[in-house]
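S.K.:
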């Protein structure tokens, strides 16, 4: 079976400082991988390198494209990479306002990716937008409201709808539940888990919240100071942490 | 003649502008950056158009300036006088006699010929600007032909107003490649963008020049189920009776009285000279105005 994403020895340096280094892994279709670690451990740098937002200094990121099979996304041309960015890839930002157009209605936000791949029938675009708003539990009568009129949780759900509308195969998520209160987090996680299973999505989730990866991720990668210090199945890593830092991380979670 | 260099600008500057114009004509719809000069008028009054006109004018040209279709508004009169003084060119109000026409917000009703140049004053040359504030990003979108965002604007129009409510500065795609802002002309004028004359667009403050060569394909963007429709007030001109021209609505008293009249004053006047009279019009007399 070909992996959907093959990452080989990725390194990103900020001058003499290390962003992340020596990261390698394979991600298979339908698999969800979590990346955890403290602030400044290089999780977001790694995610941005994988999603093409940053150019890594070393290494290769090969994606299984529909047309040509595995291709290195770092050396492919910018138009091709941006095309992937709005078709087969999706990127969910921590802050919904980074991923949404705040002065465009909810329907326009969802429809943008469709129009970017040459959908030119208003009725179809709108029907698709209504369908997707429904799937993320936003009622149809909010379709013409701007995201500024939405709560934080709704904005995040709208961002997810906007990203998934073109049926991507790989979703990058940067702290998707950050900044939301726990009950909203729980519903969002529930929704995400449903969508990931239903659409057979592969996803890479960066978070510092162990509960998120426990619920969503099949596999886990623990990072510290730009290095991967432990990998394994989620339950295995969380229940039987081997590395001293992972043990610290797991034991730091507050029990209510 | 006068103490100015011909057409105000120095020869090096005109040469620089002509280069930008030639590049613009070679790549229809592409915004060419140029080193816009300070002109003796405020930004927003046509500094871009004036510089383009200065670069294309020759001593043999006949110059016409219109502002919202009219030859007799402040902006039109002062720009016309400016080139009368600095270039000593002949001026006219008749569209058919002009070889260079500088315009703001309209295309003349009368069809232009291959030996005429139409110069537009452009406030914001970037059609994607109000959706994407970053110039770096919009340039990249033009370069990679990523124009989905333009349709988001039209989508927003339909979802809010039930129809494409954009009535001016309606985005067009030029020769199947670049999406272009045709300057704030009414969308009624969009079909006229495919013409025999050369069309040059100058944005002074934004420092951009772009162009449409003669007989270039210009398509107004739309949706399959909401096709592009040029619109005008559903009236005939009250002065000359024309039904095919773009109309201005004029409030004439405090009792709700109003009249519609051609925005193109030359078109209206020449029709009245030919004996056409509208509902509220009087027969044309030479000294009436």
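Chains as they are written, first to last, in the numbering used here: chain A, 5 to 260; chain B, 2 to 290. Don't be surprised by glycine CBs; every beta carbon is placed ideally from N, CA and C.
Can you find the residues in the same chain that come closer than 6 Å, C-beta to C-beta, to residue 188(A), ignoring five residues on each side of it along the sequence?
M.R.: As a working note, residue 188(A) is residue 184 in the first chain. Excluding positions up to five away in sequence, the list reads 157.
S.K.: Which residues in the same chain have their Cβ closer than 8 Å to the Cβ of residue 202(A), if we skip the five residues on either side of it in sequence?
M.R.: Here residue 202(A) is taken as the residue at index 198 of the first chain, counted from 1. Excluding sequence neighbours, residue 202(A) sits near nothing in its chain.
S.K.: Can you tell me whether DSSP reads residue 160(A) as helix, strand or coil?
M.R.: As a working note, residue 160(A) is residue 156 in the first chain. Note: residue 160(A) maps to helix in three-state DSSP.
S.K.: Mind checking whether the beta-carbon of residue 33(A) lies closer than 6 Å to any heavy atom of the ligand PLP?
M.R.: In the structure on display, the ligand PLP does not appear, and there are no ligands present to speak of.
S.K.: Under 9 Å, CB to CB, which of the residues in the region 150-162 of chain B have a partner in chain A?
M.R.: 150, 151, 152, 153, 154, 155, 156, 157, 159, 160 and 161
S.K.: Does the region 216-224 of chain B come into contact with the region 161-178 of chain B, if we say contact requires no fewer than three beta-carbon pairs (one atom in each stretch) closer than 8 Å?
M.R.: The region 216-224 of chain B makes contact with the region 161-178 of chain B; the number of CB pairs closer than 8 Å reaches 3 or more.
S.K.: Applying a beta-carbon distance threshold of less than 7 Å, which residues of chain A neighbour residue 227(B)?
M.R.: Start at 1 with the first residue of the second chain, and residue 227(B) comes out as number 226. Under the 7 Å cutoff, chain A gives 126.
S.K.: Identify the continuous alpha helix (DSSP H) that holds residue 1(B) and give its terminal residues.
M.R.: Chain B is shown only over 2 to 290; residue 1(B) falls outside these bounds and no answer can be derived.
S.K.: Identify each residue in the region 73-85 of chain A for which the Cβ-Cβ distance to at least one residue of chain B is less than 9 Å, and report them in chain order.
M.R.: 82 and 83
S.K.: If the cut is a Cβ gap below 8 Å, which residues of chain B does residue 119(A) touch?
M.R.: One-based indexing of the first chain puts residue 119(A) at position 115. Ordered by position in chain B, the residues that pass the 8 Å Cβ test against residue 119(A) are 149, 150, 152, 153 and 156.
S.K.: Use the C-beta contact count for residue 105(B): other C-beta atoms within 10 angstroms, 16 or more gives buried, fewer gives exposed.
M.R.: Taking the first residue of the second chain as 1, we reach residue 105(B) at position 104. The residue is buried, with at least 16 neighbouring Cβ atoms inside 10 Å.
S.K.: Just list the alpha helix (DSSP H) runs in the region 133-201 of chain A, keeping only unbroken ones of 4 residues or longer that don't cross its boundaries, in chain order.
M.R.: 156-168
S.K.: Across which residues does DSSP place residue 74(A) in a beta bridge pair?
M.R.: Here residue 74(A) corresponds to residue number 70 of the first chain, with the count starting at 1. Looking at the DSSP assignment, residue 74(A) forms a beta bridge with 68(A).
S.K.: From the DSSP output, in three-state form, read off residue 213(B) for me.
M.R.: Translated into the one-based positions of the second chain, residue 213(B) becomes position 212. Correct three-state label for residue 213(B): strand.
S.K.: Quick one, which of 30(A), 254(A), 25(A) and 200(A) has its alpha-carbon nearest residue 11(A)'s?
M.R.: Against the first chain, residue 11(A) aligns to sequence position 7. With distances taken between Cα atoms, residue 11(A) lies closest to 30(A).
S.K.: Where does residue 63(A) fall in DSSP's three states?
M.R.: In the first chain, counting from the first residue as 1, residue 63(A) sits at position 59. DSSP places residue 63(A) in strand when its eight states are reduced to three.
S.K.: Starting from the beta carbon of residue 112(A), find every residue of chain B whose beta carbon is closer than 8 Å, and list them in chain order.
M.R.: Here residue 112(A) refers to the residue found at position 108 of the first chain. Under the 8 Å cutoff, chain B gives 153, 156, 157 and 160.
S.K.: Under 7 Å, do residue 126(B) and residue 209(B) count as touching if we go by C-beta distance?
M.R.: Start at 1 with the first residue of the second chain, and residue 126(B) comes out as number 125. Start at 1 with the first residue of the second chain, and residue 209(B) comes out as number 208. Their beta carbons are under 7 Å apart, which means residue 126(B) touches residue 209(B) by this criterion.
S.K.: Apart from the five residues just before and just after residue 76(B), which ones in its own chain have a Cβ nearer than 7 Å to its Cβ?
M.R.: Counting from 1 along the second chain, the entry for residue 76(B) is found at position 75. Once the five neighbours on either side are set aside, the close Cβ partners of residue 76(B) are 46, 47, 68 and 105.
S.K.: In whole angstroms, give me the CA-to-CA distance for residue 25(B) and residue 60(B).
M.R.: Looking up residue 25(B) in the second chain gives position 24. Looking up residue 60(B) in the second chain gives position 59. Cα to Cα, the separation comes out at about 24 Å.
S.K.: Quick one: Cα of residue 182(B) to Cα of residue 170(B), how far?
M.R.: For the purposes of this step, residue 182(B) is identified with residue 181 of the second chain, where counting begins at 1. For the purposes of this step, residue 170(B) is identified with residue 169 of the second chain, where counting begins at 1. Approximately 6 Å between the Cα atoms of the pair.
S.K.: Hey, quick one: how far does the alpha helix (DSSP H) through residue 253(A) stretch, first residue to last?
M.R.: Taking the first residue of the first chain as 1, we reach residue 253(A) at position 249. Annotation: the continuous alpha helix (DSSP H) that includes residue 253(A) extends over 248-255.
S.K.: Is the region 222-229 of chain A close to the region 51-71 of chain A, with three or more CB pairs under 8 Å?
M.R.: no
S.K.: Do the region 79-99 of chain A and the region 110-129 of chain B touch if we need at least three Cβ pairs shorter than 8 Å?
M.R.: no
S.K.: Do residue 175(A) and residue 205(A) have their CB atoms nearer than 7 Å?
M.R.: One-based indexing of the first chain puts residue 175(A) at position 171. One-based indexing of the first chain puts residue 205(A) at position 201. Yes.
S.K.: Among the candidates 269(B), 268(B), 265(B) and 261(B), whose CA atom is the shortest distance from the CA of residue 281(B)?
M.R.: Start at 1 with the first residue of the second chain, and residue 281(B) comes out as number 280. Selected option, being the one with the closest Cα: 261(B).
S.K.: In the structure shown, what three-state DSSP assignment does residue 160(B) receive?
M.R.: Counting from 1 along the second chain, the entry for residue 160(B) is found at position 159. Three-state result, residue 160(B): helix.
S.K.: Could you name the residues of chain B that residue 129(A) contacts, counting a contact when the two beta carbons are closer than 7 Å?
M.R.: On the first chain, position 125 is the one that residue 129(A) refers to. What residue 129(A) touches in chain B: 156.
S.K.: Since residue 37(A) sits in a beta bridge, which residues does DSSP pair it with?
M.R.: The residue you call residue 37(A) lines up with position 33 of the first chain. Residue 37(A) is bridged to 208(A) and 223(A).
S.K.: Would you report the Cα separation of residue 87(A) and residue 66(A), rounded to the nearest angstrom?
M.R.: Taking the first residue of the first chain as 1, we reach residue 87(A) at position 83. Taking the first residue of the first chain as 1, we reach residue 66(A) at position 62. Roughly 15 Å between the two C-alpha positions.
S.K.: Mind checking residue 255(A): buried by the 16 CB within 10 Å criterion, or exposed?
M.R.: In the first chain, residue 255(A) corresponds to position 251, counting from 1. In the assembly as shown, residue 255(A) is an exposed residue. Its beta-carbon has fewer than 16 other beta-carbons within 10 Å.
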